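K.L.:
Here it is, the structure in full.
There are 2 protein chains.
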Amino acid sequence: MARLVVIGGGAAGMSAASAARRTAPGLEVVVCEAGGFAAYGMCGIPYYLGGVIADPRTLLAYPPAEFRDRRGIDLRLHTRVTGIDPAAHQIRVAGPQDGPDADGAPLRYDALVLATGADPVLPPVPGPSHPRVVTVRSLDAAIGLRGVLERGQIRRAVVVGAGYIGLEMAEALTERGIETEVIEALPTVLGTVDEPIARLAADEVTRHAGLRLSTRLEAVHGDDDGLTVLAGGTRTRADLLVVATGVAPATGLLTAAGADHLPGGALITGPDMATSLPDVFAAGDCAALHHIVLGGPAWVPLGPAANKTGRVAGTVAAGGAATFGGIAGTAVVKVFDTEVARTGLTLAEARAAGLDAVATDVVSRSRAKYYPGAVPLHVRLVHERGGRLLGGQLAGREGAATRVDVLAAALHARATVADLAAMDLAYAPPFAPVYDPLLTAAIKAGAR
Amino acid sequence: MARLVVIGGGAAGMSAASAARRTAPGLEVVVCEAGGFAAYGMCGIPYYLGGVIADPRTLLAYPPAEFRDRRGIDLRLHTRVTGIDPAAHQIRVAGPQDGPDADGAPLRYDALVLATGADPVLPPVPGPSHPRVVTVRSLDAAIGLRGVLERGQIRRAVVVGAGYIGLEMAEALTERGIETEVIEALPTVLGTVDEPIARLAADEVTRHAGLRLSTRLEAVHGDDDGLTVLAGGTRTRADLLVVATGVAPATGLLTAAGADHLPGGALITGPDMATSLPDVFAAGDCAALHHIVLGGPAWVPLGPAANKTGRVAGTVAAGGAATFGGIAGTAVVKVFDTEVARTGLTLAEARAAGLDAVATDVVSRSRAKYYPGAVPLHVRLVHERGGRLLGGQLAGREGAATRVDVLAAALHARATVADLAAMDLAYAPPFAPVYDPLLTAAIKAGAR
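Quick mapping for you: the protein sequence lines, in order, are chains E and U.
In terms of this note's numbering, the first sequence opens at residue 1 and continues consecutively.
In terms of this note's numbering, the second sequence opens at residue 1001 and continues consecutively.
And the structure:
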C-alpha cells in the first residue's frame, strides 16, 4: 500500500492528512507530530493564556480519536522527525518508547508533506534558559504556562516583540491583572502595517500596558526570585519574560536536503504545493506562497493559508488535483479594544517592491454619524499613482476586521481605486455611514 | 447666467446641487424641496422615533445655512413643484408666501435634476385618514409623531408591512415599551431575501413583537379613542397604525411629460443619469439604475445609490463628466438583535430573470468556535450551476453587515464561487473562524 507521511500535526498537516484520506481512501496516511496535540488553533493560545478560553481542549479542531478512528489516519504524537532522505524516499523518526517509532528505524514514504510550521526566533542575548523565559508557539508549553499564571506567581511581565503575538500576549497578561511592559526593537509596533496605523495600535497599547519602542533586549538573568531584564540600558525585574520576536520556517531538514527556498528558509512551492524535491510537498507556515499582488513567492505565515495549502498539498500528494490561489497578505489582530487589519502591500512593502505607490488616508466613522456607538475608523489605501489598488489597512474600535476583506476581494479582482469607489456596499445607520469608509477612502484616492 | 434646478432636497438632490456647484462655480443652483428639511438621513428616522437618536437635527448632513451661505445654493424649503414643461425648459412652483415662488410664476431651467424620491404606497382599504395612521417618509411628519410617542399616548401599535421600514419601526416602537404587532400580506417578512433568511428574521421579530404573516389589512376605523384595525378577519384596537407597505417612484410629473420609465414609474437613466428628456436628469429613489448582475435597469431605492447618483447627475448637469457604475442591490437591515444583509439577486430573483440558479446554504460561526461570543451566521450564496456568483444573503446576531460587502465586491468582479473560495480573507479568533463563513459557503457551492 502506498504511504503518505505528513510531518507536523498542526492546521496544515492535519488538513493535508484529511484531504489525502478523502482523495485516496486506500492510502496509508501517517502524521508525525513532535508535540502532544494535533489540529489545534494555535492562534487561540493567547486567549487561552489570558483566560478568555477555559479549556485547552476547545482549541482542538478535532480530538485525536477523530483522526485515528473515524478518518483512519495514523496520527503519531510525541514523534519527532530527525532526518529526511529525499533520494531514498524515507525519513528518520524518534517516537515514544511505547509507539511504532521507538526503535528509530527509517520510515519509507511514497509522498511526503512537510507541515512543520515555524519556530520562534530568539533574540541573540546573553542569559540562561530559564523556566520563566517563554515563547508562545505550542499548546504543550501553554498549558504549563497557564498553570503558572493561575497560581498567581506572576506580578510583572515583560513581552519582547510587538508583533501580533506580542500584543495579543500583552492583552492576555493585563487581563490577568499582571503589570506588563512591551519592548520592541523597532520604532513602531506591528511591522506589518504602515506608521499611521501602527501609531494607533501603539496608542491603544499604552492605554493598557507599558510600551518601549526602539528598545532592544540586551540580557536576561534568572535567579531564584525571578528575572532581571536589561533592555535599552535599563534594568528591570520581572516574573515572566515572553519572547515574541518572530518566527522562522522550520525547514532545516529539507533545505539541508537541497529544497529550493527563500533566503529565510521558506520552501518554494508551486500552485500544487510541490517543492523542488520529488514527491515532497509543503504546506503552512514552512512554505513560501504565491502573493497575488507581488506576483511572486512571499512568506506570510498565517492560519487561513495553512489550512488551505494543507488541503491542496494533501489532495495532490494523494493523487488528486488541486491548486492554491495565492495569498493577499490579509490579517487582522485585536489589540486590546482596537481592531487592526491589513491586506496586500503596505506603502513600505510596495515601494520596496519597486512600485510607484502612494497612500491615501481617511478617518471616517464605523456607523452613521448620528447613530450611537459610531467610532472613528482609519482607512489607509495603498495604490499606484495610476489607480491600481495595492493594499489597505484599517484601525478602529469596530468595523476594521471584516471590512478589510472587501479590500482583499478587490485585490483578487485586480481592482483600481475607481473600481472600489464604484462598489455598491451596504448601508444602514447601525452598521455604516451612507458612504462606507472604504468608499470615502477610494473616492479620495481616485481624486489624486 | 445658466440655471440648474434640482427638484427634491433629499440625499440625491443635495448631492446633485453640491456636485454641480463644485463643477460649475458660476452656475445658479436652485433646489426646490417640498418639506421643511433638506439633506437629512431618512434612514435614521426609525431610530429617531425609537429614541436612539435624541435630536432630529443630528440627522441633517448639513444645516440649510451650509448650502445657502457657504455653498451658494438657493435652497427653497416648503416649495412644491406642480408642473414640468420639458419643451419650454420650465417648471411651475408653489412656494411659501414670503419666498420667491409665492406668485407661482414659472421657473426656467437650463438643466433639471429630478430627485423627488419615492412616496409611500398605501394599501387600498376603506377607512378615514386619521392622525394616528402614519407613514415614515419625512422628517417633518416624524417630528410630530415623536411628540405623540413621547407623551405616552401610544400603548398599542400595529405596523402594516414587514419590509425594512416596517421591521425597523417595530423595533423602534417596542423600544419605547409599546406593544406592537406587525402584519404582512405576504407569507414571509423582508421580500428582498429568500425564505430561509426571511424565516430567521421573522423568528427574531417574534421574540420581540407580534407578527402575523399572510395577513391583509382590510380596514381601519378611527374614533376618539383610537383605531379599530381589521386584518385577516380579526378586529383589534390600536393607538397607532404605521403604514410601511412600500414606496413608489415620485415621478408623475415626468412620466406625464413622456419620460421613459419602468412599468412602476422609475425613470430610465443612462450612466450619466440623463433621462430620455432633453437636459433632464434623475437621481435617487425616483430613478431606475443599471443593475450589475441583471445587466439592465432595476429599481432598488436605497441611500448609497441616492447619494452617488445625485453626485453624478449634478456633475453632468453642470457640464462635467461622471458616470454611475451601477448597483448590486446591496442592503443591510438591523432586525432587533439580528443583522440581515443581501446583495445581488435572491434565488427567486435569479430564476425570475431566467438564470439557471441554485442556492447554497451554510450555517457557520461569526468567530472561532472556541472564542466567546461566537454566534451562528447563516450564509446563502446564489449562483449559476456553472459557478458564477449571482448574489448572497447573510443573517446572524453579528458578522452579517460588513461581510455582505465582500460578496458585493465579488459581484462587481464577476467572480465565480471558486474565485470566492480562493480569496484570502482575514482571520483572528475574535473576528472569524479560520475558514471565514463566506469561504465555507463558497467551498460548498463549488463542490456542487
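Glycine residues also receive a C-beta, built at the ideal position from the N, C-alpha and C atoms.
What you are looking at is a predicted structure, and each value in this text was computed from that prediction instead of being measured.
Taking C-beta pairs closer than 9 Å, name the residues in chain U that residue 334 of chain E reaches, listed in chain order.
P.N.:
1428, 1429, 1430 and 1431
K.L.:
With residue 1156 of chain U as the anchor, note down where its beta strand (DSSP E) starts and where it stops.
P.N.:
1156–1160
K.L.:
Closest by CA to residue 1152 of chain U, which one among U:1068, U:1062 and U:1240?
P.N.:
Among U:1068, U:1062 and U:1240, the Cα nearest to that of residue 1152 of chain U belongs to U:1240.
K.L.:
On the premise that residue 264 of chain E lies in contact with residue 299 of chain E, defined as a C-beta separation below 8 Å, what is that separation, rounded to the nearest angstrom?
P.N.:
6 Å
K.L.:
I think residue 1330 of chain U touches residue 1343 of chain U, with their Cβ atoms under 8 Å apart; what is that distance to the nearest whole Å?
P.N.:
4 Å
K.L.:
Tell whether a beta-carbon distance below 7 Å holds between residue 1403 of chain U and residue 416 of chain E.
P.N.:
One thing to note: residue 1403 of chain U has its Cβ no nearer than 7 Å to the Cβ of residue 416 of chain E.
K.L.:
State buried or exposed for residue 1285 of chain U, treating a residue as buried only when at least 16 other CB atoms are found within 10 Å of its CB.
P.N.:
Burial call: buried.
K.L.:
Could you please give the first and the last residue of the uninterrupted beta strand (DSSP E) stretch that includes residue 364 of chain E?
P.N.:
357–365
K.L.:
Consult DSSP for residue 291 of chain E and reduce its assignment to one of helix, strand or coil.
P.N.:
strand
K.L.:
Could you tell me which residues DSSP pairs with residue 1334 of chain U in its beta bridges?
P.N.:
Beta bridge pairing from DSSP links residue 1334 of chain U with U:1339.
K.L.:
What residue from U:1087, U:1226, U:1040 and U:1219 has the CA that sits closest to residue 1137 of chain U's CA?
P.N.:
U:1040
K.L.:
For the beta strand (DSSP E) containing residue 280 of chain E, name the first residue and the last one.
P.N.:
Looking at the DSSP string, the run of the beta strand (DSSP E) that includes residue 280 of chain E is 280–282.
K.L.:
Which residue's Cα is closest to the Cα of residue 1084 of chain U: U:1373, U:1348 and U:1106?
P.N.:
U:1106
K.L.:
At least one CB of chain E closer than 7 Å to the CB of residue 1405 of chain U: is that the case?
P.N.:
yes
K.L.:
Determine contact between the stretch 346–361 of chain E and the stretch 299–312 of chain E, defined as no fewer than three beta-carbon pairs at a distance below 8 Å.
P.N.:
no
K.L.:
Against chain U, with Cβ distances strictly below 7 Å, would residue 424 of chain E count as a contact?
P.N.:
Nearest CB-CB separation between residue 424 of chain E and chain U: below the 7 Å threshold.
K.L.:
Distance, Cα to Cα, residue 132 of chain E vs residue 126 of chain E?
P.N.:
Distance from the CA atom of residue 132 of chain E to the CA atom of residue 126 of chain E, rounded to whole angstroms, is 15 Å.
K.L.:
Here's a check: name, in chain order, each residue in its chain whose Cβ is nearer than 6 Å to the Cβ of residue 371 of chain E, leaving out the five neighbours to either side.
P.N.:
Same-chain partners within the cutoff: 429 and 430.
K.L.:
Determine contact between the stretch 1189–1205 of chain U and the stretch 1387–1399 of chain U, defined as no fewer than three beta-carbon pairs at a distance below 8 Å.
P.N.:
yes
K.L.:
Residues of chain U with CB under 7 Å from residue 325 of chain E, in chain order?
P.N.:
1422
K.L.:
Using a Cβ-Cβ distance cut-off of 7 Å, determine whether residue 1059 of chain U contacts chain E.
P.N.:
The Cβ of residue 1059 of chain U sits closer than 7 Å to at least one Cβ of chain E.
K.L.:
Can the beta-carbon of residue 215 of chain E be found less than 7 Å from the beta-carbon of residue 232 of chain E?
P.N.:
By the CB criterion at 7 Å, residue 215 of chain E and residue 232 of chain E fall inside the cutoff.
K.L.:
Nearest chain E C-beta to residue 1338 of chain U closer than 7 Å, yes or no?
P.N.:
no
K.L.:
Name, please, each residue of chain E whose Cβ falls closer than 8 Å to the Cβ of residue 1302 of chain U.
P.N.:
Near residue 1302 of chain U (Cβ distances below 8 Å), the residues of chain E are 427.
K.L.:
Assuming residue 1376 of chain U is part of the alpha helix (DSSP H), what are its boundary residues?
P.N.:
From DSSP, residue 1376 of chain U is part of no alpha helix (DSSP H) but of the beta strand (DSSP E) over 1376–1384.
K.L.:
Is the distance from the Cβ of residue 1366 of chain U to the Cβ of residue 1381 of chain U below 7 Å?
P.N.:
At the C-beta level, residue 1366 of chain U and residue 1381 of chain U stay beyond 7 Å of one another.
K.L.:
In chain order, what residues of the stretch 368–394 of chain E put their CB closer than 7 Å to some CB of chain U?
P.N.:
368, 370, 371 and 372
K.L.:
Determine the burial state of residue 1076 of chain U: buried for a count of at least 16 other Cβ atoms within 10 Å of its Cβ, exposed for fewer.
P.N.:
buried
K.L.:
Going along the chain, which residues of its own chain have a beta-carbon closer than 6 Å to the beta-carbon of residue 1170 of chain U, five neighbours each way excluded?
P.N.:
1159, 1180, 1182 and 1209.
K.L.:
For residue 1402 of chain U, go through chain E and note every residue whose CB falls closer than 9 Å to its CB, in chain order.
P.N.:
399, 401, 402, 403, 405, 406, 425, 426, 431, 432 and 436
K.L.:
Is there a C-beta anywhere in chain U that falls below 7 Å from the one on residue 341 of chain E?
P.N.:
yes
K.L.:
For a test of the three-state rule: what should DSSP assign to residue 1016 of chain U, helix, strand or coil?
P.N.:
helix
K.L.:
With H, G and I counted as helix, E and B as strand and the rest as coil, what does DSSP make of residue 69 of chain E?
P.N.:
helix
K.L.:
To the nearest whole angstrom, what separates the beta carbons of residue 71 of chain E and residue 3 of chain E, a pair I think is in contact under 8 Å?
P.N.:
Actually they do not touch by this definition, with Cβ atoms about 16 Å apart.
K.L.:
Residues in the stretch 22–56 of chain E with C-beta within 7 Å of chain U's C-beta atoms, listed in sequence order?
P.N.:
41, 43, 44, 47, 52 and 53
K.L.:
Check whether the stretch 418–425 of chain E touches the stretch 435–445 of chain E, counting contact only when three or more Cβ pairs, one atom from each stretch, lie closer than 8 Å.
P.N.:
yes
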